[in-house]
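Residue numbers (this note's numbering): 546 to 681. Don't be surprised by glycine CBs; every beta carbon is placed ideally from N, CA and C. Comments concern the structure below.
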C-alpha cells in the first residue's frame with residue numbers, strides 16, 4: 546500500500562475503536578498522551594488513517610505484553626527513527642547507483658576520447674578495434 550494511502554484520514558473514532566478492539570475513550574487518552582495523532586475534519590471530528598490503525602494495533606500489542614505507556618512511547622520513537630534511517634539508506638543506495646552509472650559513462654567517454662586521433666577523422670573500424678581490444 547502506498548504511503549499516501551496509508552496516511553489518508555478515513556475512519557471516525559467509533560470505526561477506529563472497532564477495528565482495533567479498543568474503547569473510544571482509550572483512543573482519546575492515547576491521543577492526549579501523543580501516542581497517536583488523528584487528523585481532524587472541518588467539523589473537528591477525529592479521522593484515523595490506516596497508519597494510525599496500525600500504530601494503535603502495535604500499541605495494543607505492546608500494552609498486552611505488559612509494557613507501560615512510557616515504554617510504548619520509547620519503542621514507537623525508536624521504531625520511527627529506524628524507519629527514517631531505512632528511508633535515508635534507500636535514498637543513498639539510489640544515489641550511489643546513479644553515481645556509479647555516471648562514473649561508468651565518464652570512463653567510457655574517456656576511453657573513446659583516448660582512442661580517437663587528435664588531428665582529423667578516425668576510421669570507425671579502427672576506433673572499434675581499439676575499444677574491443679583489436680578483436681574484430
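Could you check the C-alpha separation between residue i and residue j for me, to the nearest Å?
| i | j | result |
| --- | --- | --- |
| residue 601 | residue 581 | 7 angstroms |
| residue 649 | residue 623 | 39 angstroms |
| residue 634 | residue 641 | 10 angstroms |
| residue 625 | residue 654 | 44 angstroms |
| residue 530 | residue 619 | No answer is possible for residue 530: it lies beyond the span of the chain, which begins at 546 and ends at 681. |
| residue 525 | residue 646 | The requested residue 525 is not part of the displayed model; the chain covers only 546 to 681. |
| residue 656 | residue 598 | 56 angstroms |
| residue 556 | residue 574 | 17 angstroms |
| residue 550 | residue 617 | 25 angstroms |
| residue 584 | residue 547 | 18 angstroms |
| residue 631 | residue 643 | 18 angstroms |
| residue 586 | residue 651 | 53 angstroms |
| residue 611 | residue 638 | 38 angstroms |
Sort the options by Cα distance to residue i and report the nearest one.
| i | options | result |
| --- | --- | --- |
| residue 553 | 564, 595, 578 | 595 |
| residue 592 | 631, 644, 558, 628 | 558 |
| residue 568 | 605, 584, 631 | 605 |
| residue 492 | 644, 565, 578 | The displayed coordinates of the chain run from 546 to 681. Any statement about residue 492 would go beyond what the structure contains. |
| residue 566 | 615, 603, 658 | 603 |
| residue 590 | 561, 612, 627 | 561 |
| residue 614 | 659, 587, 571 | 571 |
Could you tell me which residues DSSP puts in a beta bridge with residue i?
| i | result |
| --- | --- |
| residue 557 | 592 |
ask   = Fully enclosed by the stretch 574-643, which alpha helix (DSSP H) runs are 4 residues long or longer?
value = Whole alpha helix (DSSP H) segments, 4+ residues: 595-609.
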